[in-house]
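*Asks:* Structure in structure tokens, see below.
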Amino acid sequence: MKHLTTTLSIGALALGCLAFAADDLPRHPGDIAYPPLAFNPPSPSEYRTTLPDGTPVFLAPSKEFPLINLVITFKGGSNLDPAGKSGLAAMTASQMRLGGTASMKASDLDERLDFLATKIGISSSDWTSSASLNCLASTFDESLAIMVDMLKSPGFDASKLEVAVAEAMSEMKKRNDSASTISGSEWRRLSYGDEHYRGQQMTEAGLKGFDAASMKAMAASIFHPGNMKIAVTGDFDRKVMLEKLAKAFSGWTSGAEQANPPVPATSLTPGIYHVEKDIPQGKFIIGLPAITRDDPDYIPFMVMNDILGGGGFTSRITPRVRSDEGLAYSAGSQFSAEVFWPGQWRASFESKNATCALAAKLVLEEMARIRSAPVTAQELDTAKKSFIETFPETFSSRDATLGVFMTDEWTKRPGDYWTTFRDKVAKVTPADVQRVAQKYLDPSKVTILVVGKWDEIAKGDQGGRATMAMLEKDLGPVKHLPLRDPMTLAPLPMK
Amino acid sequence: MRYLISSALALIVSAAATAQQLPVEVFTLDNGMEFLLVPRNDQPNTISAGWVAKVGSANERPGITGISHFFEHMMFKGTNTVATRDPKRDEEFRTGQKALRDRMNQLIWGDQYARYYRGEIDDPWNPANDTPELKRLRAELKGMMDAQQGRANTEAINALQAKLGSMDPAKDADAMKAAQAEIAKLEAEQKTKGSIVKDEFDQLYTAGGGSRMNAFTSYDQTFYFINVPSNKMELWCWMESDRLTDSVFREFFSERDVVHEERRLRTESTPTGTFDEQFEAMFWLSSPYSWPVIGWPSDLNSYTMDEAQRYFQTYYCPNNLTGVIVGDFDAAKVKPMLKRYFSRLKRGATPPPVVTLEVPQLAEMRMNAQAETEPQVEVRYHTVPFQHADSYALEVMSQILNGRTGRLYKTMVEGSGVASGAGARQDSRKYAGAFSFSAEVKGDATPRQLEDGWYGQLQRLQAEPVGEQELQKVRNGIAADEYRRLQNNFFIMLQLGVSASLGDWREVNSESGKLLAVTPADIQRVAKKYFEPTNRSVATYVRKAAPAGTTADEPTDPALAALPPQMQAMAKQALKRIAAETDLAKLKEGIGQFDAQAAAAPEAMRPFIGFMKDRMLARIAELEKGAAPAAK
Numbered sequence: 193m194k195h196l197t198t199t200l201s202i203g204a205l206a207l208g209c210l211a212f213a214a215d216d217l218p219r220h221p222g223d224i225a226y227p228p229l230a231f232n233p234p235s236p237s238e239y240r241t242t243l244p245d246g247t248p249v250f251l252a253p254s255k256e257f258p259l260i261n262l263v264i265t266f267k268g269g270s271n272l273d274p275a276g277k278s279g280l281a282a283m284t285a286s287q288m289r290l291g292g293t294a295s296m297k298a299s300d301l302d303e304r305l306d307f308l309a310t311k312i313g314i315s316s317s318d319w320t321s322s323a324s325l326n327c328l329a330s331t332f333d334e335s336l337a338i339m340v341d342m343l344k345s346p347g348f349d350a351s352k353l354e355v356a357v358a359e360a361m362s363e364m365k366k367r368n369d370s371a372s373t374i375s376g377s378e379w380r381r382l383s384y385g386d387e388h389y390r391g392q393q394m395t396e397a398g399l400k401g402f403d404a405a406s407m408k409a410m411a412a413s414i415f416h417p418g419n420m421k422i423a424v425t426g427d428f429d430r431k432v433m434l435e436k437l438a439k440a441f442s443g444w445t446s447g448a449e450q451a452n453p454p455v456p457a458t459s460l461t462p463g464i465y466h467v468e469k470d471i472p473q474g475k476f477i478i479g480l481p482a483i484t485r486d487d488p489d490y491i492p493f494m495v496m497n498d499i500l501g502g503g504g505f506t507s508r509i510t511p512r513v514r515s516d517e518g519l520a521y522s523a524g525s526q527f528s529a530e531v532f533w534p535g536q537w538r539a540s541f542e543s544k545n546a547t548c549a550l551a552a553k554l555v556l557e558e559m560a561r562i563r564s565a566p567v568t569a570q571e572l573d574t575a576k577k578s579f580i581e582t583f584p585e586t587f588s589s590r591d592a593t594l595g596v597f598m599t600d601e602w603t604k605r606p607g608d609y610w611t612t613f614r615d616k617v618a619k620v621t622p623a624d625v626q627r628v629a630q631k632y633l634d635p636s637k638v639t640i641l642v643v644g645k646w647d648e649i650a651k652g653d654q655g656g657r658a659t660m661a662m663l664e665k666d667l668g669p670v671k672h673l674p675l676r677d678p679m680t681l682a683p684l685p686m687k
Numbered sequence: 007m008r009y010l011i012s013s014a015l016a017l018i019v020s021a022a023a024t025a026q027q028l029p030v031e032v033f034t035l036d037n038g039m040e041f042l043l044v045p046r047n048d049q050p051n052t053i054s055a056g057w058v059a060k061v062g063s064a065n066e067r068p069g070i071t072g073i074s075h076f077f078e079h080m081m082f083k084g085t086n087t088v089a090t091r092d093p094k095r096d097e098e099f100r101t102g103q104k105a106l107r108d109r110m111n112q113l114i115w116g117d118q119y120a121r122y123y124r125g126e127i128d129d130p131w132n133p134a135n136d137t138p139e140l141k142r143l144r145a146e147l148k149g150m151m152d153a154q155q156g157r158a159n160t161e162a163i164n165a166l167q168a169k170l171g172s173m174d175p176a177k178d179a180d181a182m183k184a185a186q187a188e189i190a191k192l193e194a195e196q197k198t199k200g201s202i203v204k205d206e207f208d209q210l211y212t213a214g215g216g217s218r219m220n221a222f223t224s225y226d227q228t229f230y231f232i233n234v235p236s237n238k239m240e241l242w243c244w245m246e247s248d249r250l251t252d253s254v255f256r257e258f259f260s261e262r263d264v265v266h267e268e269r270r271l272r273t274e275s276t277p278t279g280t281f282d283e284q285f286e287a288m289f290w291l292s293s294p295y296s297w298p299v300i301g302w303p304s305d306l307n308s309y310t311m312d313e314a315q316r317y318f319q320t321y322y323c324p325n326n327l328t329g330v331i332v333g334d335f336d337a338a339k340v341k342p343m344l345k346r347y348f349s350r351l352k353r354g355a356t357p358p359p360v361v362t363l364e365v366p367q368l369a370e371m372r373m374n375a376q377a378e379t380e381p382q383v384e385v386r387y388h389t390v391p392f393q394h395a396d397s398y399a400l401e402v403m404s405q406i407l408n409g410r411t412g413r414l415y416k417t418m419v420e421g422s423g424v425a426s427g428a429g430a431r432q433d434s435r436k437y438a439g440a441f442s443f444s445a446e447v448k449g450d451a452t453p454r455q456l457e458d459g460w461y462g463q464l465q466r467l468q469a470e471p472v473g474e475q476e477l478q479k480v481r482n483g484i485a486a487d488e489y490r491r492l493q494n495n496f497f498i499m500l501q502l503g504v505s506a507s508l509g510d511w512r513e514v515n516s517e518s519g520k521l522l523a524v525t526p527a528d529i530q531r532v533a534k535k536y537f538e539p540t541n542r543s544v545a546t547y548v549r550k551a552a553p554a555g556t557t558a559d560e561p562t563d564p565a566l567a568a569l570p571p572q573m574q575a576m577a578k579q580a581l582k583r584i585a586a587e588t589d590l591a592k593l594k595e596g597i598g599q600f601d602a603q604a605a606a607a608p609e610a611m612r613p614f615i616g617f618m619k620d621r622m623l624a625r626i627a628e629l630e631k632g633a634a635p636a637a638k
């Protein structure tokens, strides 16, 4: 293989392009002999060590640029928001970054960091939080000292909080302005209910209750050495870096690792739901509960979703809805496997009002078809090759690699997951794909959320191929949901 | 604390004076196609590869606006080799479709437009307004598209499926079986008759390990890119040179519907999409930047296959293309491969220049919009294009204004607190440029306050030179970003391709040196030169009143509802302030002011002033009784 390429290259160099008329080129990319690509996923043990206090550290030095990138991840985030104070963890993290420290004024810190061209970010998301630092290697010591000061002794300056609260209020006011935000929050409410943190959102009343005391308590529960892992890439010496980190974090009160987030008590209730919005294009989500990431069906499910709607143009839903009929610009499906509870399978699209019902019908037909007949050998082969051939991209940079290692450790992913991944994908059969589709994708049990102009959407297409009434026959009459007041989330009157 | 060294003025990156250079090898074929090669080993096993056509919406004209972007869609639809099982039959389908569509266009541009001008129909393109002949042609075209896609029997199948749905499994078991068999037969039959292999272009790349395959179109360029495993360089060469020599614009007619959906998604269903489009159209006077990249809706329907082919021949010749390859490869091995595959492209005539220059703006222009969004403002000025000597000072000026320690945040988000966010941007396009300030209100602030805040900042930039420490901070950021921007293959590829399409890829290596050389005097000079009020366009947004009966649980107030809609939002905000006011003296003072203003106010404002005065008097009465506490 290698020989052949070399010979051709020399030939091309010697003879120039005239030697190769178009006829000499392979007639099809399938006729090209590609050199093999050997890739073995890196092992965490090559990168992992610990600080004297036991904090895990992953190090990947490189001399390419005089930069250092440091990321600390913590367990716990929005899942720790107290009742009625949705958004507190996120606000706490951003105020640790913005609110100064016990000994330094916030504005002085910002000036200094900008002068050093150092970027520090502290944020909190679903059930994790993180602090990151990116700086020139020459300013690392000072930059690290500032970051550690923010983490250990946040100042929570009242005037900075006031600015952030006003910004959050402005953002809240826009909640009903675009269909995608309405659809996102309503879907979370349908999926997790009002009781679970995923179904909850910040309100004006909750936000007004954020203060230094509640943020201090939140900070103490997440940001401490018993609950963190560190990753560093860039221009440094391993031994020196370990010494610097040990020194920087010493004397920081440790605590226990945070618990897993609570499992939601509810799940999607099948049916059609609608929120009114006067736009020329309806937004649809069609979804079902799926499986957890560590479920033995995970890989067959992933492959099945890729063939059904996850693989873009190479899947079934996208061409059927987009290119066959021109009903949508984006249409497809995604499979979000959660770590702590079963995730979801979701298809989504936007289409002009008259063709929404038709597009939905096509999606449901494709769900039924992947259950009723095995996928073709070519479809399966393409999906499997795609996962196998793009596998190295998971580890395409040092930062990405260390990120994978940290997540795997937090979520206790089985140690052989990456080394066996490609083999497991290769072993998926058409029967496996059909089996998981039959087990999990029942089109009569879907939840459909519609955001758009109902009277136009309900009527369906001119040709009479689909109306919403046809879907309601199987899924029950539509339930019209109210828009929510953007500041209180109280239901607004419906017309 | 020990780490604060506030007086340090030094440039913290010693190497910055010489700037980090991206090592690029230029490889040019005899046909004029240029390749920029950046072998890089930091991301093993992958290559980011792309090519950019130096054509975008600026090269269009009224009537074909959006064709550059439509083209981008066409480039994924295959060739005589890819995405067809029968190229000859596929060509017959395309020829037939073209004849039908050309005839339809003649009828629409003729009779339907005339009916539209006379006010007889609301939209000449809407199928609901079709004449009988158009209806027939449209159905015939649809039938031919279905047949090409292997869906010739779709209607028969749909009818059978509908029949199946109404059958009773208990009684009609045999009939159901027969119908199912018939459906299967029809499905099998139509598959072999269609000439399209759906989305095979995507499938070949997907199976080959390609990822992030996509393209974008902008004012000045159309860029096609992908990540491939490092052993698949030849796949990229094959696929890209094939579509550059042999694209057949398959699905030319059905893809328009997809682009209409894209327009609905990006422009028509977003809070400010259509307003942004019209602001752009207002701002650019003679420049082709005035129309949207996605095109005006009527043009989207209008372009013909002939025009598309002309466009392709004019702008997609190799001498108008630049390829960019970044990642894990050996240039010595890749160059012969590029030569072998891309030499099959034939050099074309040099594409025609864009000759229309933007005329100087003579007077301030304003757009006062009501939209479903928070009140906001944009103030935009005509400035200078890519690589203009003043573009660097304007860019540094924007950086003085931006960021958490920039002037806008400090004065408008913190300070006066009128903005929840504010930013400035110099947009240096290929043929012209613009500088814009934009901001969104905080709380009850108004767009006017944002605008005034900006003019205050501008005056300061014009009146006094930027301080050394302030400028040094910006320079340090530019110097550090020199390294940050070079850390990712895909991003390096994008930067090189975009710079090449604007006229000079070397800008990637020379820009930061020019930015670092900007002095306080330069900034002051450009702040004076480009920001005359007559050179600005202003867009202000206030929130569009929600339809009656859909707002929060406030009791309906007939007097409020009687006000013109644009005043209702203003009145509601003012009412909140009145309700919160407990100081009698202030309220009484306000009444006096209202009386004074009422005399001078324009006629249109009278109902508002009258309404507000009534409410203030009511509040005063309430307070005097001591009955009502201040509303929270």
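If you read the sequences in order, they're chains A and B. Numbering (the numbering used here) for the first sequence: 193 to 687. Numbering (the numbering used here) for the second sequence: 7 to 638. We put the CB at the ideal spot given by N, CA and C, even for glycine. The structure presented is a predicted model; accordingly, all values stated were derived computationally and were not measured.
Could you give the residue range of the alpha helix (DSSP H) that holds Thr228(B)?
*Replies:* Unbroken run through Thr228(B) is the beta strand (DSSP E), 228 to 235; no alpha helix (DSSP H).
*Asks:* Is the stretch 244 to 258 of chain A close to the stretch 350 to 366 of chain A, with three or more CB pairs under 8 Å?
*Replies:* no
*Asks:* Residue range of the beta strand (DSSP E) that Glu517(A) falls in?
*Replies:* Taken as a continuous stretch (DSSP letters only), Glu517(A) belongs to no beta strand (DSSP E), as it is neither H nor E.
*Asks:* Looking at chain A, which residues of the stretch 31 to 56 of chain B have a Cβ within less than 8 Å of any of its Cβ atoms?
*Replies:* Leu35, Asp36, Asp48, Gln49, Pro50, Asn51, Thr52
*Asks:* From His466(A) to Lys277(A), what distance separates their C-alpha atoms?
*Replies:* Inter-residue distance for His466(A) and Lys277(A) is about 27 Å (C-alpha atoms, whole angstroms).
*Asks:* Compare the C-beta of Cys323(B) against all C-beta atoms of chain A and say whether one is closer than 8 Å.
*Replies:* no
*Asks:* Does the stretch 562 to 571 of chain A touch the stretch 512 to 530 of chain A, meaning 3 or more C-beta pairs lie closer than 8 Å?
*Replies:* no
*Asks:* Grouping DSSP H, G and I as helix and E and B as strand, with all else coil, what is Ile202(A)?
*Replies:* Reliability of the predicted coordinates at Ile202(A) is poor, the pLDDT of 33 falling under 50, and the value obtained from them is presented with this limitation in mind. DSSP places Ile202(A) in helix when its eight states are reduced to three.
*Asks:* Could you name the residues of the same chain whose beta carbon sits closer than 8 Å to that of Ile127(B), not counting the 5 residues immediately before and after it, in chain order?
*Replies:* Gln118, Arg121, Asn135
*Asks:* Does Ala486(B) get closer than 8 Å to chain A when you measure Cβ to Cβ?
*Replies:* yes
*Asks:* Taking all protein chains shown into account, do 16 or more other C-beta atoms lie within 10 angstroms of the C-beta of Tyr123(B), making it buried, or fewer, making it exposed?
*Replies:* exposed
*Asks:* Taking the beta carbon of Glu3(B) as the centre, do at least 16 other beta carbons fall within 10 Å, making it buried, or is it exposed?
*Replies:* Coverage of chain B is limited to positions 7 through 638, which leaves residue 3(B) absent and any answer about it impossible.
*Asks:* Can a CB atom of chain A be found closer than 8 Å to the CB of Ser664(B)?
*Replies:* In this structure chain B extends from 7 to 638, so residue 664(B) is not present and cannot be described.
*Asks:* Assuming Gly313(A) contacts Leu301(A) under a Cβ cut-off of 8 Å, what Cβ separation, rounded to an integer in Å, is found between them?
*Replies:* So it is not a contact: roughly 13 Å between Cβ atoms.
*Asks:* Pick out whichever of His79(B), Trp302(B), Met343(B) has its Cα sitting closest to the Cα of Glu240(B).
*Replies:* Met343(B)
*Asks:* Flag this pair as yes or no: are the beta carbons of Ala482(A) and Gln536(A) separated by less than 8 Å?
*Replies:* yes
*Asks:* How would you label Thr101(B), buried or exposed, when you count the other beta carbons within 10 angstroms and need 16 or more for buried?
*Replies:* exposed
*Asks:* Contact criterion: CB-CB distance below 8 Å. Does His220(A) meet it with respect to chain B?
*Replies:* yes
*Asks:* Out of Met559(A), Ile477(A), Gly376(A), Asp489(A), which one is the CA nearest neighbour of Ile499(A)?
*Replies:* Met559(A)
*Asks:* What does Pro235(B) touch in chain A if you count any residue whose Cβ is under 8 Å from its own?
*Replies:* Correct list: Leu229, Glu581, Thr582, Pro584.
*Asks:* Do we get a CB-CB distance below 8 Å when we pair Gly503(A) with the residues of chain B?
*Replies:* yes
*Asks:* Could you give the first and the last residue of the continuous beta strand (DSSP E) run that contains Lys619(A)?
*Replies:* Counting along the chain, Lys619(A) falls outside any beta strand (DSSP E), and DSSP gives it neither H nor E.
*Asks:* Tell me whether the beta-carbon of Ala381(B) lies closer than 8 Å to the beta-carbon of Val447(B).
*Replies:* Correcting the residue type first, residue 381(B) is Pro in the shown sequence and not Ala. Yes; because the gap between Cβ atoms is below 8 Å, this pair is in contact.
*Asks:* Tell whether a beta-carbon distance below 8 Å holds between Thr90(B) and Asp248(B).
*Replies:* no
*Asks:* Report the neighbours of Glu268(B) on chain A: residues whose CB is nearer than 8 Å to its CB, in chain order.
*Replies:* Neighbours of Glu268(B) on chain A, chain order: Tyr521.
*Asks:* For Tyr489(B) and chain A, any beta-carbon pair shorter than 8 Å?
*Replies:* It does; some Cβ of chain A falls within 8 Å.
*Asks:* Which chain B residues are close to Asp369(A), counting only those with a beta carbon under 7 Å from its beta carbon?
*Replies:* Pro277, Glu378, Thr379
*Asks:* Going by Cα to Cα distance, which pick from Ile202(B), Phe41(B), Pro539(B) is closest to Arg372(B)?
*Replies:* Pro539(B)
*Asks:* Find the nearest neighbour of Ala551(B) within the set Lys578(B), Ala545(B), Val544(B), judged by alpha-carbon distance.
*Replies:* Lys578(B)
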